[in-house]
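Single-structure report; data block below.
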Amino acid sequence: MAEYDYDLFVIGGGSGGVRAARVAASDAGARVALAEEDRYGGTCVIRGCVPKKLMVFASEFSGMPALARGYGWDMGEGTFHWDRFQGHMASELDRLEGIYRNLLKSSGVETFDARARLKDAHTVELSTGETKTAKTILIATGGHPVRPDIPNADLGIVSDDIFHLETLPKSILIIGGGYIACEFACIFNGLGVEVTQFYRGAQILRGFDDEARGLIAEAMRENGIKLHLGTNIVEMAPGGGDYDAVSGPTATDAAMGADAKQSATLMATRTGDGSQSVWVKPTSGDAREYDIVLFATGRDPNSADLGLEDLGIQIGRRKEIVVDAYSKTAVDSVYAIGDVTNRVNLTPVAIREGMAFVQTVFQDNPTAVDHELIPSAIFTQPEMGTVGLSEEDAREQEEVEVYCTSFRPMKTAFGGQNNRVLMKLVVSKATRKVLGCHIVAPDAGEMIQLAGVAIKMGATKEDFDQTVAVHPTMSEEIVTMKTPMRTA
Ligand code: NDP
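Numbering (the numbering used here), first residue to last: 1 to 488.
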């Protein structure tokens, strides 16, 4: 009889956990089980990348009639029906969740629709009351959005809630300047919602190339988003009450707002038609009401209540499970991958970490995950694709040449629109290697995937120069920039 019930028990059925479970079972012949307390597919499939991208596509149609008219089409403005879109999106997510479940089943992974926590280094307790043992346990529980610590914060929604809104709001206030805040500001703006965004810092998308994020901020404003930099939320309360727009809510409203239960009811019954709005006082400017306030103020790892501390597994300052280069925790039989480890919080990275874990533990091939030169995209409008170092970070490191061009692309310029795109290469003066590539343009995410291959291979500026341009495209500029714009 086997010493343990399974070779591997995975906690969490998101992208990373499902991949690791599936590959360990099908490629390495391991006996595998997986527990998921919610829906299979995790953040990416159920409440992140996938539904977000569908919303990006939906929101882009609003700009198309105007462009089409520039090309000679007689085309009127259309009307967006949130309920129709939402129904279609919900069935697509059901379909994808079914695929995830089937993949596990066909790989021979036993699944438990239950919450799991560690009882000891080889034992998992399920919310069903069952106890299972495994030689190795993999934690892939992901993360969750967090609200700032201010009174009445539960009057605001987080990204998880967006996909369940009953109706589209007329106005929305978005707090934050990261990926989620900027992407949803553009999405809601495209869907016809009046969007205000507060970011506490000097420029949105902190950490990305200055020139690229500057262009995105400019375009967002030109597209109608009321972007307030150096601004944060100070106070919020239920709207629609007897309050003074400048001094804040009356005592009655404030007391009501302080009651968490009441706030939850308000949240649940909000219709999005403005009848249950939220009153907000910012650090600057006038207080006003918004139909919805969205907190896009970061995500925390789901490391709580897993029984980790009792086992001596280290939890870091940002609530992440601390792991080594092979994703192993302080306990030899327990590993962790994906957002719960807060390394690079992207779906394809969690999948890579899952694959490396299987190679290390089940295929006798210790594999550390390579977190260098990861291409990524921000699905703002315009989109940004980026890989490698920003100009600012590269300059800190060594002397660089910066090749950069910004222009009005043919398709939209002909259609009478003024938007600009940016193509930028940051090149090492010493080695000639391209250290960073930053593209702000429609479909920049598609372009950066391919530029990422060359840069990951160590391509030099001269390698780019020797590649013949594809004409006429926007991306041909990436191989035709002859003179550095700046050296530093
Ligand atoms: P980010 O950490 O990217 O951004 C959080 C934002 O909220 C920052 O602008 C931060 O400001 C601000 N903030 C934090 N705390 C407060 C506060 N108390 N008051 C006001 N503002 C605050 O988190 P996101 O939620 O946008 O995204 C989480 C992660 O999800 C990303 O890091 C990314 O890895 C992933 N993601 C990736 C996507 C993609 O690949 N396209 C899309 C969406 C998410 P400051 O800059 O000053 O700290």
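Yeah, the Cβ is synthetic: ideal placement off N, Cα and C, and Gly gets one too.
These numbers come from a predicted model, not from an experiment.
Would you list the residues sitting across from residue i in a DSSP beta bridge?
i: phenylalanine 407; result: Val421
i: cysteine 437; result: Val387 and Leu425
i: histidine 228; result: Phe198
i: lysine 281; result: Glu235
i: leucine 104; result: The partner list for leucine 104 (beta bridge, DSSP) is empty, contrary to what the question assumes.
i: threonine 133; result: Thr123
i: proline 472; result: DSSP, once it has assigned bridges, lists no residue as partnering proline 472.
i: glutamate 289; result: Trp279
Rounded to the nearest angstrom, how far is the Cβ of residue i from that of residue j, given a contact under 8 Å?
i: tyrosine 290; j: serine 171; result: 5 Å
i: valine 358; j: alanine 20; result: 6 Å
i: lysine 135; j: serine 333; result: 7 Å
i: alanine 441; j: valine 421; result: 4 Å
i: alanine 28; j: isoleucine 11; result: Contact flag wrong, Cβ pair sits at about 19 Å.
For the ligand NDP, is there a heavy atom less than 7 Å away from the beta-carbon of residue i?
i: serine 376; result: yes
i: aspartate 19; result: A small fix is needed here, since residue 19 is arginine in this sequence, not aspartate. Because no heavy atom of the ligand NDP lies under 7 Å away, the Cβ of arginine 19 does not count as near it: no.
i: alanine 25; result: no
i: asparagine 365; result: no
i: asparagine 345; result: yes
i: alanine 350; result: no
i: glutamate 183; result: yes
i: arginine 299; result: yes
i: proline 169; result: no
i: leucine 177; result: Residue 177 is actually glycine in this sequence, not leucine. Within the cutoff, so yes.
i: tyrosine 335; result: no
i: proline 382; result: no
Give the straight-line distance between the Cα atoms of residue i and residue j, rounded to the nearest whole angstrom.
i: arginine 299; j: arginine 147; result: 9 Å
i: arginine 115; j: proline 301; result: 16 Å
i: arginine 22; j: methionine 355; result: 10 Å
i: threonine 196; j: asparagine 232; result: 12 Å
i: lysine 52; j: alanine 181; result: 12 Å
i: aspartate 210; j: alanine 394; result: 12 Å
i: glutamate 398; j: threonine 367; result: 30 Å
i: glycine 274; j: valine 293; result: Confidence at glycine 274 is low in this model, with a pLDDT of 43, below 50, so its placement is unreliable and no value can be given for it.
i: threonine 123; j: threonine 167; result: 45 Å
i: glycine 176; j: alanine 66; result: 30 Å
i: glycine 415; j: aspartate 74; result: 13 Å
i: lysine 433; j: leucine 8; result: 42 Å
i: alanine 121; j: glycine 458; result: 42 Å
i: glycine 230; j: aspartate 161; result: 26 Å
i: threonine 480; j: glutamate 309; result: 55 Å
i: leucine 126; j: leucine 311; result: 17 Å
i: tyrosine 40; j: threonine 111; result: 10 Å
i: alanine 260; j: glycine 14; result: Residue confidence for alanine 260 is low, a pLDDT of 38 falling below 50, so the modelled location carries little weight and cannot support an answer.
i: asparagine 189; j: alanine 469; result: 35 Å
Might you give, ordered along the chain, the residues of its own chain that have their beta carbon closer than 8 Å to the beta carbon of residue i, omitting 5 neighbours on each side?
i: glutamate 222; result: Asn418 and Asn419
i: phenylalanine 208; result: Ile378, Met384, Thr386, Ser390 and His438
i: alanine 304; result: Lys319
Take residue i and list the residues in its own chain whose beta-carbon comes closer than 6 Å to its own, dropping the five residues that flank it on each side.
i: valine 323; result: Thr329, Ala336 and Thr341
i: alanine 25; result: Val32, Ser107, Gly108 and Val109
i: valine 18; result: Tyr100
i: leucine 435; result: Gly388, Leu389, Ala394, Val426 and Ser428
Taking 7 Å as the line, does the beta carbon of residue i fall inside it for any heavy atom of the ligand ATP?
i: tyrosine 290; result: Absent from the structure shown: the ligand ATP. Ligands present: the ligand NDP.
Give me, in chain order, the residues of the same chain whose beta-carbon lies closer than 7 Å to that of residue i; leave out the 5 immediate sequence neighbours on both sides.
i: cysteine 49; result: Thr347
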